[in-house]
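These notes concern the structure reproduced below.
Number of protein chains: 2
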Amino acid sequence: MSDLKEARASKEKPLKHVLLAGIHCQPRSGYELTKWLQMAGQHCWSVEHSSVYPALRELETDGLIKSERLPGTRGPERSIYSMTVAGREKLTAWVANGSPRPAIKDEQILRVLCFDLLPRETALQQIREVRADHQVQLEFFLARQAELSEDQLGPLLVTRRGVLAEQAYIAWCDEVAEMIARRPA
Amino acid sequence: MSDLKEARASKEKPLKHVLLAGIHCQPRSGYELTKWLQMAGQHCWSVEHSSVYPALRELETDGLIKSERLPGTRGPERSIYSMTVAGREKLTAWVANGSPRPAIKDEQILRVLCFDLLPRETALQQIREVRADHQVQLEFFLARQAELSEDQLGPLLVTRRGVLAEQAYIAWCDEVAEMIARRPA
DNA sequence: CTGTGCATGTAACATGTTACATGATTCA
DNA sequence: TGAATCATGTAACATGTTACATGCACAG
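As they're listed, the protein sequences go chains A and B. With my numbering applied, the first sequence covers 1 to 185. With my numbering applied, the second sequence covers 186 to 370.
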């Protein structure tokens, strides 16, 4: 069954599975999970902390994760969540499913669509800034890649996706800049 | 000011700008705009028709677009929307702004993160299906690229982004497959 | 002793989807 | 004449963000 879109068997909200995946990798607090999704996982599922904490409580109520209060290394006490057996089973079933297509919201591409409305130099300036921003992201992923050892296969492959995605975005920015530079107007 | 995230000057909902961009390219009906966003614009801003029609009415109320009832070529009558002067000004101001980072929701990457939970062959099968799906998307973008002439710079660059993005995704799938194939377990 | 980062929480709001509805027109 | 596609619309629901709130602990 190559049902990449249909296999919506699990009625849970997607964020809960995302958090399960994060906790499976390594037990973490809500704060750490939020940071993880905003940095190393930006290209997977970026969220605000205000969605994370309620979702974690639901997961604990469902018996899919359990928490332990621990003193923070440099900060106040926090709840570290880890998987239960039921949680691991639930996650395994989810991982075996097909995914819906990646959902993307990227205003920048649509701005480029309308670059005929801008003076050439304004457009070039904008695309240079976008490129610089993605360059920063690329360097972050490259640094993370260098830190990871080959036996951490999952995190490494997630990071590789970040590297490849940012490289592709930068390559596109360069094409845009070149085409805009040589355009008639 | 390289404020790529801060420049949220316009308080309009983003979809309205997306639709303005689509109409700027070419006057279109709500139906056509929906199809456009679901096919050629999937990698920019995919939406359902139920969000499109209300947004169009708001844009018309705001005086940014105007509509004209025309008989459909093969189907019932529809409203074709086109830009007003105010609309073009609004769009130009928006295009000159900085964009927030692309927002991505991709469950598949997180499934790969947890591939240690699956038997090797199950994981390989899944990633092959994902690759095939993106291959179809790539071919769609390549076909569209071939149709577009070089003077349609905006649509061409949007299509190029589709091509580059899908190629990068496919390359990642290949890396994943290779790493999984050679993993110990 | 103050600012920064750690850490968690909630309520109001924004935005978009799913499902439900309707009806025209064309093609087999 | 029935299915497929064109074409539009709405209400209930799902999901996530913004803004508001609180407090600890460490470094300068």
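Every residue gets a Cβ at the ideal spot worked out from N, C-alpha and C, and that includes glycine.
Asked	Found
Cα-Cα separation between I365 (chain B) and A350 (chain B), rounded to whole angstroms	23 Å
CB contact below 8 Å: L70 (chain A) versus chain B	no
Three or more C-beta pairs below 8 Å linking the segment 350 to 364 of chain B and the segment 319 to 331 of chain B	yes
Paired residues, beta bridge with L255 (chain B) - DSSP	B:R263
Chain-order list of residues whose beta-carbon lies under 8 Å from that of N240 (chain B) (same chain, five-residue window excluded)	For the record, residue 240 (chain B) in the displayed sequence is Ala; it is not Asn. Result list for A240 (chain B): K198, L200, K201, L204, in chain order.
Q152 (chain A) - DSSP class collapsed to helix/strand/coil	coil
Whole-angstrom C-beta distance between R254 (chain B) and E243 (chain B), which should lie under 8 Å	Actually they are not in contact, since the Cβ atoms of E243 (chain B) and R254 (chain B) sit about 19 Å apart, beyond 8 Å.
Any chain A beta carbon closer than 8 Å to K251 (chain B)	no
Rounded C-alpha distance that separates W45 (chain A) from L33 (chain A)	11 Å
Contact with chain A by Q320 (chain B), beta-carbon distance below 8 Å	no
Span of the alpha helix (DSSP H), counted from its first residue to its last, around K290 (chain B)	Where K290 (chain B) is concerned, there is no enclosing alpha helix (DSSP H), although the beta strand (DSSP E) it sits in stretches over 288 to 290.
Assigned secondary structure, L205 (chain B) (DSSP; H/G/I helix, E/B strand, else coil)	helix
Interface positions of the segment 297 to 315 of chain B facing chain A (Cβ-Cβ less than 8 Å), listed along the chain	V297, L298, C299, F300, D301, L302, L303, T307, Q311, E314, V315
Three-way DSSP call (helix, strand, coil) for S29 (chain A) in this model	strand
Beta carbon proximity, R193 (chain B) to chain A, threshold 8 Å	Confidence at R193 (chain B) is low in this model, with a pLDDT of 43, below 50, so the placement of that residue should be treated as unreliable; the coordinate-derived value is given next. Output row for R193 (chain B): interface = no.
Run of the alpha helix (DSSP H) containing F326 (chain B), from where it starts to where it stops	305 to 332
Own chain partners of K5 (chain A) with C-beta closer than 8 Å, once the 5 adjacent residues on each side are dropped	Because the pLDDT at K5 (chain A) is just 37, under 50, the model does not fix this residue reliably, and the point stays unresolved.
Chain B contact for S99 (chain A) (CB, 8 Å cutoff)	yes
Whole-Å CB distance - S29 (chain A) paired with S82 (chain A), under 8 Å assumed	Actually they do not touch by this definition, with Cβ atoms about 11 Å apart.
Straight-line gap, M186 (chain B) to V130 (chain A) (C-alpha atoms, nearest Å)	At M186 (chain B) the pLDDT is 33, less than 50, meaning the model places this residue with poor confidence and gives no usable figure here.
Straight-line Cα distance separating W172 (chain A) from K251 (chain B)	34 Å
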